[in-house]
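One structure is given below, encoded as structure tokens.
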Amino acid sequence: MAAISIVRLDENPFEFVNGLRADTVSRGVDLEGATITATYADGSVEILTWHATDPYTNGAAVGTDISMSYGFDWHHLTTTKLLTSLQFDLQPA
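Residues 2 to 94 (this note's numbering) make up the sequence shown, in order.
Here is the structure:
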């Protein structure tokens, strides 16, 4: 299973192109069915399923303590607990 690990840093985050073409794009709808595992600092875990929110572009996953959405060129993530890791299983998508 391929995984995307997000590590929290206390410094300014940055974004870079590493091995991907600069014009590579995706849409939130492309992740339909993906499973997301959110792990919090208190040890609790939520498992979410990504769903399309419209037929062409946007998608989201919402849990008790996390909400995330993705369109074509924007991302949104909010949590009510300190998030320590996110794991995306893209196989079901």
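C-beta: ideal position from N, C-alpha, C; glycine also.
Query raised in the report: Is W75 closer than 7 Å to A62 when the C-beta atoms are compared?
Result: In the sequence shown, residue 62 corresponds to position 61, counting from 1. In the sequence shown, residue 75 corresponds to position 74, counting from 1. Not closer than 7 Å, so no.
Query raised in the report: Taking the beta strand (DSSP E) that D90 falls in, what are its first and last residues?
Result: Numbered from its first residue, the sequence shown carries residue 90 at position 89. Element bounds for D90: L84 to D90.
Requested in this report: Identify the continuous beta strand (DSSP E) that holds T54 and give its terminal residues.
Outcome: Counting from 1 along the sequence shown, the entry for residue 54 is found at position 53. Element bounds for T54: n/a, residue is neither H nor E.
Query raised in the report: Comparing alpha-carbon positions, which option in G72, E47 and D90 lies nearest L83?
Result: As a working mapping, residue 83 is identified with position 82 in the sequence shown. Closest option to L83, Cα to Cα, is E47.
Query raised in the report: Which value, in whole angstroms, describes the spacing of the CA atoms of G72 and A94?
Result: The residue labelled residue 72 in the question sits at position 71 within the sequence shown. The residue labelled residue 94 in the question sits at position 93 within the sequence shown. Rounded to the nearest angstrom, the two C-alpha atoms are 16 Å apart.
**Report entry** Counterpart residues of G60 in DSSP-defined beta bridges
**Finding:** Looking up residue 60 in the sequence shown gives position 59. Bridge partners of G60: A53 and Y71.
Query - Burial state of M2 (16 or more Cβ within 10 Å) - result: As a first step, residue 2 is located in the sequence shown; it is residue number 1 there, counting from the start. Caution applies to M2, whose pLDDT of 46 falls short of 50 and renders its modelled position unreliable; the model cannot decide the point.
Query raised in the report: Beta carbon of F89, beta carbon of A35: below 7 Å?
Result: For the purposes of this step, residue 89 is identified with residue 88 of the sequence shown, where counting begins at 1. For the purposes of this step, residue 35 is identified with residue 34 of the sequence shown, where counting begins at 1. Yes.
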